[in-house]
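Numbering (my numbering), first residue to last: 6 to 295.
The following block contains the structure:
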């Protein structure tokens, strides 16, 4: 009996080995090599030159970095808050015994099936100033045309709309599964004691969903901080850098300016910020549960 289990485990290990090899060669090793590369000056051609902390000093004194960092934080905060709250509200609504709720669940999750790049292409056509479907409807209603992607004051919020439309379905389904896992006996006991629907939500639903809420917020924050596809497809970081994020700046420095050392230092800083945000969120949740 035990021997059979060992054989099965060994077989599973052989099946998993190709995945771990690919991950080690194409993800882990490149990620580790970024750290020593961040202390060098290298433009792909020639030999990397060690410059110490010069790249980091240059980054923190660069106004474009400050703008990209600001854009990233605004984007991350808004997307994380809206996706978490909206996903929870939609999950509660879809958990009710309403007609057509199965169809509604399917419609909500459908955008997440396509890639974020495809979603960006679709919305770029819809946001087009002169021929886009949104401005066409606005024009028919006698309203002025909006530069959804060409106005520096609006472009970042347009990308936020795209991201929410694309990913809210995942959050909704995750919350819905968690809500349906809450024992119904808790609600029945609360109603016997005279609790209202809001009190049931506040004292039963929210406490039971705390682990899922933490998971969703951490996932949304980490993914939002690494936003690239939407900015690349919709605006190329413009107009006037209003949609340039840290990851997009890493891309431009590495593959347009060929400043490999500088972009590696940016990557290290971005990774450190993501880790700090995750630890901060986990500490807050741990403090609330203590």
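Note that beta-carbon positions come from the ideal geometry of N, C-alpha and C, so glycine has one too.
Please name the residue, chosen from the options, that lies closest to residue i on a Cα-to-Cα basis.
i           : options               : result
residue 155 : 244, 280 and 44       : 244
residue 112 : 123, 121 and 95       : 95
residue 184 : 101, 203 and 42       : 101
residue 192 : 273, 211, 176 and 277 : 211
residue 282 : 225, 18 and 214       : 225
residue 3   : 143, 172 and 97       : One cannot answer for residue 3 here, as it falls past the ends of the chain, which runs 6 to 295.
residue 51  : 266, 143, 237 and 88  : 266
residue 133 : 280, 152 and 176      : 152
residue 48  : 41, 64 and 262        : 262
residue 297 : 289, 279 and 25       : Past the edges of the chain, shown from 6 to 295, lies residue 297, and the structure says nothing about it.
residue 77  : 241, 277, 285 and 232 : 232
residue 73  : 275, 147 and 145      : 275
residue 88  : 222, 288 and 41       : 222
residue 150 : 131, 167 and 166      : 131
residue 122 : 209, 290, 86 and 234  : 234
residue 65  : 290, 289, 141 and 251 : 251
residue 85  : 172, 143, 23 and 127  : 172
residue 218 : 287, 198 and 242      : 287
residue 125 : 106, 290 and 241      : 241
residue 170 : 25, 119, 140 and 199  : 119
residue 308 : 249, 199 and 176      : Not covered by the structure: residue 308. The range shown for the chain is 6 to 295.
Tell me residue i's beta-bridge partners as DSSP assigns them.
i           : result
residue 215 : In DSSP, residue 215 forms no bridge with anything.
residue 247 : Its beta-bridge partners do not exist; DSSP assigns none.
residue 45  : 55
residue 50  : 48
One question on the structure: do residue i and residue j come within less than 7 Å of each other, judged by their Cβ atoms?
i           : j           : result
residue 174 : residue 117 : yes
residue 229 : residue 161 : no
residue 205 : residue 195 : yes
residue 239 : residue 164 : yes
residue 253 : residue 227 : no
residue 55  : residue 45  : yes
residue 128 : residue 167 : yes
residue 99  : residue 110 : yes
Any beta carbon of chain D sitting closer than 7 Å to that of residue i?
i          : result
residue 80 : Considering every chain present, this structure includes no chain D. It has just one protein chain.
Self-check item: 4-residue-minimum alpha helix (DSSP H) runs that sit fully inside the stretch 65 to 108, ordered along the chain
Solution: Qualifying alpha helix (DSSP H) stretches, in chain order: 68 to 99.
Quiz item: When the Cβ atoms of the stretch 173 to 185 are set against those of the stretch 86 to 102, are three or more pairs found closer than 8 Å?
Solution: With a cut-off of 8 Å, the stretch 86 to 102 and the stretch 173 to 185 count as touching, because enough Cβ pairs lie within range.
Quiz item: Any chance the stretch 186 to 206 sits against the stretch 246 to 264, with 3 or more Cβ pairs inside 8 Å?
Solution: With the cut-off at 8 Å, the stretch 186 to 206 and the stretch 246 to 264 do not touch.
Exercise. Can you check the stretch 119 to 170 for any alpha helix (DSSP H) of at least 4 residues that lies completely inside it and give the ranges in chain order?
Key: If we require 4 residues or more, the alpha helix (DSSP H) runs fully inside the stretch 119 to 170 come out as 121 to 132 and 138 to 145.
Self-check item: the stretch 264 to 278 contacting the stretch 55 to 73, beta-carbon criterion three pairs below 8 Å
Solution: Touching, per the Cβ criterion.
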